[in-house]
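Chains as they are written, first to last, in the numbering used here: chain A, 6 to 352; chain B, 6 to 352.
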């Protein structure tokens, strides 16, 4: 995966895949949400930002675009991928709604989160409804590969939930010593929490485009590596990203005590800065001075370099997956561009 | 459906269907819960009451038994029905775990509810995991009708969630006037909340037993009417049931201000007792004297008789569904007996 300095054309290809997916997916998605009836459907429409006046922010739409491109890569059409694209948007949003309750996050896409606006019971129930609707969207399509895709969705959602549980569990672990979070544990968690759903988007789209299981597995790997590349990059941005571009507070992840890859890599590097960082976290990082010191120690211990290296390694794996699949040059370029808009976001 | 005074033999048949289903289902169910990993799997095992010492109360197992009997009724084996029986147990328990958060219920099966023991985040996540595992259990079976069954499961779960939302919404409505809950609304809610999952158990079991869609539809109707008969009976027991046998406080549903069928029927009967009852509820029913007065007014206005009549009508529909299907006499007797143990429970 290369990020050319003049990425205008590639970027437009990715944008166009997102745009094409959105135009195909949104009417079907709206229909699914409408099936939840006036009360729950209204809460669903609130979450998706579909207001009667046409305003409101929706998600980036990377996942449905990935499903559409995967279908096209294997010789199918964008329309073939729609049930998988709709399903992945439904489960992604179900996860967001439940995660906002769990993480006590008040805001989502610049608006009050569902639980904040409509209460926890409504947020639990609308999440459950979107979850089940995802299986309905796939299985109701009547596509001969819908059942195989739905089984992959069930497996992916198990991973997502288990990954979320592991991520929460990390926050209660000590910073140093035998019980501290190890790099391999972080990688499993990130693959499950972030990679599995991108893997489903790609493999599900490929299956509905007519791929067999072996080709779908290749798209699954592509999605996983894309998810891991994204997570590694997001972890770097969570410490050193420009708040004006990321929309997150400076040193945000350090302030929240998140066990992200740069931090775990720095703590386990076995260099003097590792020990100083561990001692600092154990005392508690509160002031802006301490936050900056922690960020500097993570960098000094090689945590930033390690995470950036991992992001590059996963992107190379994405490249290698794409190279192993014969596909039209335009589709290939659109994949590169989509990856760029996912990884390069906020930079 | 008849309830013979000497129901010993029939009761044993139903018991044996429950027992057979439990023996087939439990190992598969345990395997599904184990797939959630040590942390989430442990919470799942807590909910199901599977303790290392072998103690703990599990559910009644009516739904898996219904799936098994439906498969046998159409010429399949009990083993054929297992993926549907496992799926229905998984989603039923997912609903219980989430409902206990929503309803703020501290106890489930005599133990602290999952959210009370492990916290709301863990309870949300383990519910989500069981939900997705249900689709995995069905679709992973490789049964040629698994996809059709899973689509019915998705539709049923939408109904369950919408029914739950409607039931919650009823509690905020006025007792009398234009905005009061109508009998037809109650019936839709009860069919969705209680009937849809029993409908899936029966239709899913039939499909895996080899039935076509038309026969599965007949089992779907059977399950719906069984669910409605159960709900009407449960509503009567919720006011007039013997606390020693129901395990619920006397006049429990009246105390909680639940919009149950006897109450709605009494309020909308248009007799003098209806008006007195409406005025009493609007003022608020608090003391034991007022609770007894409310129960008497519900009965005087014909609410109890109406609900009992509805239960009988739905049981007659169950009978008519069963009569329309050719099946071994023993299976038919086991269905009657299962219905009896569902409807006749706590009496």
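C-beta atoms are modelled at their ideal positions from N, C-alpha and C, and glycine is treated no differently.
Note that the structure is a prediction, hence the values are computed from the model and not measured.
- Interface residue (Cβ-Cβ distance to chain A less than 9 Å): residue 169 of chain B is classified as such.
- Nearest to residue 92 of chain A by C-alpha distance, out of A:56, A:277, A:70, is A:70.
- Between residue 119 of chain B and residue 198 of chain A, the alpha-carbon positions lie close to 23 Å from each other.
- Within a 10 Å sphere around the beta-carbon of residue 164 of chain A sit 16 or more other beta-carbons, which makes this residue buried.
- Among the residues of chain B, those whose CB is under 7 Å from the CB of residue 129 of chain A are 103, 106, 107, 129, following chain order.
- Taking a Cβ-Cβ threshold of 8 Å, none of the residues of chain A is close to residue 295 of chain B; the smallest such distance is about 28 Å.
- Residues of the segment 42-53 of chain A with a C-beta less than 7 Å from any C-beta of chain B: 42, 44, 45, listed in chain order.
- In the structure shown, the three-state DSSP call for residue 116 of chain B is strand.
- Close CB contacts of residue 316 of chain A within its chain, under the 6 Å cut and outside five residues either way in sequence, are with 234, 237, 238 (chain order).
- For residue 336 of chain B, the enclosing alpha helix (DSSP H) starts and ends at 334-348.
- Sequence-distant Cβ neighbours of residue 154 of chain B in its own chain, meaning closer than 7 Å and more than five residues away, are 89, 143, 209, 212, 213.
- Listed along chain A, the residues sitting closer than 9 Å to residue 137 of chain B by beta-carbon distance are 96, 136, 140, 158, 159, 160, 161, 162, 163, 165, 166.
- Residue 203 of chain A sits away from residue 187 of chain A, with the two beta carbons spaced by 9 Å or more.
- Within chain B, no C-beta atom comes less than 8 Å from the C-beta of residue 202 of chain A; the nearest is roughly 12 Å away.
- Taking a C-beta distance under 9 Å as the contact criterion, residue 244 of chain B and residue 309 of chain B qualify as a contact pair.
- Burial is judged here by how many other beta carbons sit within 10 angstroms of a residue's own beta carbon; residue 293 of chain A has fewer than 16 and is exposed.
- When Cβ-Cβ separations below 9 Å define contact, residue 264 of chain B makes no contact with chain A.
- By the 16-neighbour rule on beta-carbons within 10 angstroms, residue 249 of chain B is exposed.
- Residue 144 of chain B has a beta carbon lying within less than 9 Å of a beta carbon in chain A.
- In the structure shown, the three-state DSSP call for residue 21 of chain B is helix.
- In this structure, residue 168 of chain B lies near residue 193 of chain B, with their beta-carbon atoms less than 9 Å apart.
- At a cut-off of 9 Å between C-beta atoms, residue 173 of chain A counts as an interface residue with respect to chain B.
- When the five nearest sequence neighbours on each side are left out, the beta carbons in the same chain lying within less than 6 Å of the beta carbon of residue 27 of chain A are those of 66, in order along the chain.
- The C-beta distance from residue 161 of chain B to residue 201 of chain B rounds to 4 Å, short enough to fall under 8 Å.
- Cβ atoms of residue 267 of chain B and residue 312 of chain B come within 8 Å of each other, at about 4 Å.
- DSSP places residue 109 of chain B in the coil class of the three-state scheme, outside both helix and strand.
- Excluding the 5 residues flanking it on each side, residue 94 of chain A has same chain C-beta neighbours closer than 7 Å at 30, 34, 68, 69, in chain order.
- The beta-carbon of residue 132 of chain A is placed less than 9 Å from the nearest beta-carbon of chain B.
- In this structure, residue 215 of chain B and residue 79 of chain B form a Cβ contact; the two beta carbons are roughly 6 Å apart against a cut-off of 8 Å.
- Here residue 289 of chain B carries a coil assignment [DSSP, helix/strand/coil].
- Along the segment 111-128 of chain B, the positions whose C-beta sits under 9 Å from a C-beta of chain A are 125, 126, 127, read in chain order.
- At a cut-off of 9 Å, the C-beta of residue 40 of chain B has a neighbouring C-beta in chain A.
- Runs of the alpha helix (DSSP H) lying entirely within the segment 199-240 of chain B, each at least 4 residues long, are 201-213 in chain order.
- Secondary structure of residue 34 of chain A (DSSP, three-state): helix.
- The shortest C-alpha to C-alpha distance from residue 274 of chain B to any of B:325, B:139, B:190, B:303 is the one to B:303.
- Residue 133 of chain A and residue 132 of chain B have their C-alpha atoms roughly 9 Å apart.
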